[in-house]
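Chains as they are written, first to last, in numbering that gives the first Met the number 0: chain A, 0 to 301; chain B, 0 to 301. Below: one structure, written as structure tokens.
Protein chains: 2
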Amino acid sequence: MDAQTSFLDKLFDRGILHSSGVDGLYARSGAFEDVIRRFEDYVLKIGEGETSEAMVFPPGMTMADFETSGYMKNFPQLAGTVHAFCGDNHGHMDLLECMATGKDWTEGQKRTDLALTPAACYPLYPILARRGPLPEGGVTVALQSYCFRHEPSKDPARMQMFRQREYVRVGNADEAIEFRETWKRRGKEIMDALHLPAHVDVANDPFFGRAGKMLGASQREQELKFEMLVAITSSENPTACMSFNYHMDNFGKAWGIARADGEPAHTACVGFGLERITLALFRHHGLEIENWPEAVRATLWG
Amino acid sequence: MDAQTSFLDKLFDRGILHSSGVDGLYARSGAFEDVIRRFEDYVLKIGEGETSEAMVFPPGMTMADFETSGYMKNFPQLAGTVHAFCGDNHGHMDLLECMATGKDWTEGQKRTDLALTPAACYPLYPILARRGPLPEGGVTVALQSYCFRHEPSKDPARMQMFRQREYVRVGNADEAIEFRETWKRRGKEIMDALHLPAHVDVANDPFFGRAGKMLGASQREQELKFEMLVAITSSENPTACMSFNYHMDNFGKAWGIARADGEPAHTACVGFGLERITLALFRHHGLEIENWPEAVRATLWG
């Protein structure tokens with residue numbers, strides 16, 4: 000805890016991040032953003048020739064697709080839904096009165112058609128499903144999105160709103176698994192190029208509740224998800240800066256994405272936690288970008 | 000309406016935007032994003048020497064600062080608040096049952112400490128206030144944020160989630176007004192360089208309800224806010240692609256930003272609607288970027 004708060008305070012002091020007053024919600028400085036942009040460009044170059052198309056998503060997704068994803072069942076504590084005022088003039092008067100007297104005016108807010116996106120690749124699947132069967136050989140999409148996780152924390156590497164850059168592979172089982180293995184290897188090469196000490200391990204997602212314990216155990220047993228771990232604020236609990244996921248045909252079935260042969264698509268993705276990787280760079284190479292190792296600077300700005 | 004739907008359909012057909020199934024929520028293609036990035040670089044270059052610092056905000060702000068902004072009083076219909084599940088194991092069972100039987104499970108969602116940001120400059124003011132009195136001559140900040148407005152529409156230029164790039168001037172009244180006038184002039188030069196037919200007019204914000212009519216009239220009368228209008232889907236109702244705002248000392252007082260002499264700061268901002276400007280370029284120069292006028296391409300990619 001102390002190491003987390005102390006790193007966060009240093010980031011605030013140097014103006015690399017700015018406090019909002021709420022844990023996990025920070026303004027990014029120009030320097031922080033420049034690192035993110037350079038890292039994205041670097042990763043985009045690595046997958047350049049293999050990608051069918053690129054997309055960027057807004058920070059929200061449709062409530063219907065959010066429900067289809069199953070996220071609310073497994074991680075309800077982390078999800079966020081968007082609510083709005085839907086009243087008339089009379090309701091507006093009540094709202095103003097509520098605010099003036101310090102009552103909780105948010106109880107009048109109604110659900111909208113939107114949820115905040117919990118994982119960057121979710122909005123892709125319904126778009127692919129609507130196009131009809133995949134071309135032979137499937138597709139590989141480069142994408143980026145803000146994501147939301149409701150887990151206020153003093154750990155700067157655990158933000159409530161952060162960006163994930165991803166490559167997503169949609170095809171058959173072999174294609175999806177090969178993609179994941181390729182990126183596990185490349186992920187390590189990227190960390191080496193950035194001089195960040197990192198290792199891959201099976202992921203341990205925080206599935207909710209008693210039933211969730213079994214889901215987590217099953218995910219680990221099947222080795223569906225791996226993470227690239229880097230010590231940022233703790234060496235005992237390193238932070239997942241990349242993840243390498245094989246979803247089997249879960250999303251293919253959930254959204255109805257068919258392969259050319261009519262079978263449900265298998266999907267895999269590699270996700271890069273942009274804020275986390277940037278924080279790892281500041282943690283390991285210092286708060287002055289000018290003083291980062293020459294080779295790291297060449298990788299990002301070269 | 001027909002012109003709006005038809006332009007939106009063309010953007011979908013050409014894969015420039017992708018439908019999510021909800022009006023006003025779209026995935027952006029790589030080509031669309033490239034235009035946004037080039038436009039941002041272009042605008043950043045114009046204000047380069049005058050800016051004290053740069054920031055990028057996540058798509059949400061703290062509920063406390065959202066309340067301070069006054070947005071919920073004036074535009075409750077457009078605002079979005081973030082809600083989350085805060086139950087225990089028992090609550091989780093109820094949630095799962097609700098979802099399984101198709102009941103509205105969102106009624107159990109509780110408010111969090113976050114609202115979606117309605118205007119890109121709001122998160123800046125509390126950060127400045129916490130620093131204490133401004134330096135002599137004030138500050139100028141370059142910033143960017145996703146913004147949310149709950150107004151589903153078939154008009155592609157009226158998105159629910161979109162990005163604003165802004166310059167914000169914080170100082171005394173003269174400094175704020177001069178800044179706004181400078182950017183009104185530069186805004187027109189930018190539109191000329193992009194070969195976009197545009198004109199400046201006093202803004203007409205959709206203040207809510209009966210009382211709101213008077214607020215709108217007063218805003219127009221005081222000429223506090225101007226907009227750069229471009230015909231995108233209608234020549235009778237052109238779209239505001241930039242705005243030039245003088246807030247007097249409203250935000251300085253609301254958040255307690257003091258000038259070097261102790262008086263409340265006056266603020267002004269210029270906002271660039273990144274999606275709207277990009278859509279205006281596609282509307283006026285065609286859906287193939289390669290065919291845009293040479294001078295426009297040189298301005299953005301040169």
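Note that CB positions come from ideal geometry on N, CA and C, so glycine has one too.
Counting contacts by CB-CB distance shorter than 9 Å, is residue i in contact with chain A?
i      : result
B/L123 : yes
B/T139 : no
B/M71  : yes
B/H17  : yes
B/P75  : yes
B/G170 : no
B/Y25  : yes
B/T61  : yes
B/F250 : no
B/I189 : no
B/V21  : yes
B/S28  : yes
B/D64  : yes
B/F31  : yes
What does a CB cutoff of less than 6 Å around residue i pick up in its chain, not counting 5 residues either side in sequence?
i      : result
A/V138 : S51, V169
A/R179 : F243, Y245, A267
B/I231 : A156, T238, L278, A279, R282
B/F65  : A114
Quick check on residue i - is its C-beta less than 9 Å from some C-beta in chain B?
i      : result
A/F271 : no
A/T277 : no
A/P205 : no
A/R129 : yes
A/L280 : no
A/G255 : no
A/G186 : no
A/R13  : no
A/D8   : no
A/G208 : yes
A/I126 : yes
Does DSSP classify residue i as helix, strand or coil?
i      : result
B/R116 : Residue identity differs from the one stated: residue 116 of chain B is Thr in this sequence, not Arg. Coil.
A/M10  : It is worth fixing the name first, because residue 10 of chain A is Leu in this sequence and not Met. Helix, per DSSP.
B/P125 : helix
B/C311 : In the structure displayed, chain B extends from 0 to 301; residue 311 of chain B sits before or after that span and is not available.
A/H149 : coil
B/R282 : helix
A/L299 : helix
A/S144 : strand
Tell me which same chain residues have a C-beta within less than 7 Å of the C-beta of residue i, skipping the five on either side of it?
i      : result
A/G270 : A119, Q163, E165, M241, S242
A/S18  : F11, Y25
B/L77  : P117, R148, H149, E150
Which residues in the same chain as residue i place their Cβ atom closer than 8 Å to its Cβ, once the five residues preceding and following it in sequence are excluded?
i      : result
B/E194 : Reading off the sequence shown, one finds His at residue 194 of chain B, where the question assumed Glu. H283, H284, P292, A294, V295, listed in sequence order.
B/P58  : L115, T116, S144, Y145, C146, F147, M160
A/M62  : T80, R110, T111, D112, L113, A114
A/H82  : T105, Q108, K109, R110, T111
For chain E, check one thing: does any of its Cβ atoms lie closer than 9 Å to the Cβ of residue i?
i      : result
A/E262 : Any reference to chain E falls outside this structure, whose protein chains are A and B.
The region 145-165 of chain B: which residues have C-beta closer than 8 Å to a C-beta of chain A, in chain order? Y145, F147, H149, P151, M158, Q159, M160, F161
Pull out every residue of the region 37-58 of chain A whose Cβ sits closer than 8 Å to any Cβ of chain B, in chain order. E52, A53, M54, V55, F56, P57, P58
Going along the region 78-109 of chain B in order, which residues come within less than 9 Å of chain A, judged by CB to CB distance? Residues passing the 9 Å Cβ filter: A78, G79, T80, V81, H82, A83, F84, C85, G86, D87, N88, G90, H91, M92, L94, L95, M98, D103, W104, T105, E106, Q108, K109.
Quick one: complete alpha helix (DSSP H) runs, 4+ long, within the region 151-231 of chain B? 172-192, 208-220
Kindly provide the ranges of any beta strand (DSSP E) runs that are 3 or more residues long and lie completely inside the region 243-276 of chain B, ordered along the chain. List check, beta strand (DSSP E) in window: 265-272.
Scan the region 18-105 of chain A and note each continuous alpha helix (DSSP H) run of 4 residues or more that stays entirely inside, going in chain order. 29-45, 62-68, 70-73, 88-99
Residues in the region 216-230 of chain B having any Cβ partner in chain A nearer than 9 Å: none
Which residues, in order along the region 109-120 of chain A, keep a beta-carbon less than 8 Å from a beta-carbon of chain B? R110, T111, D112, L113, L115
Near-chain B residues of the region 280-300 of chain A (beta-carbon distance less than 8 Å), N- to C-terminal order: none
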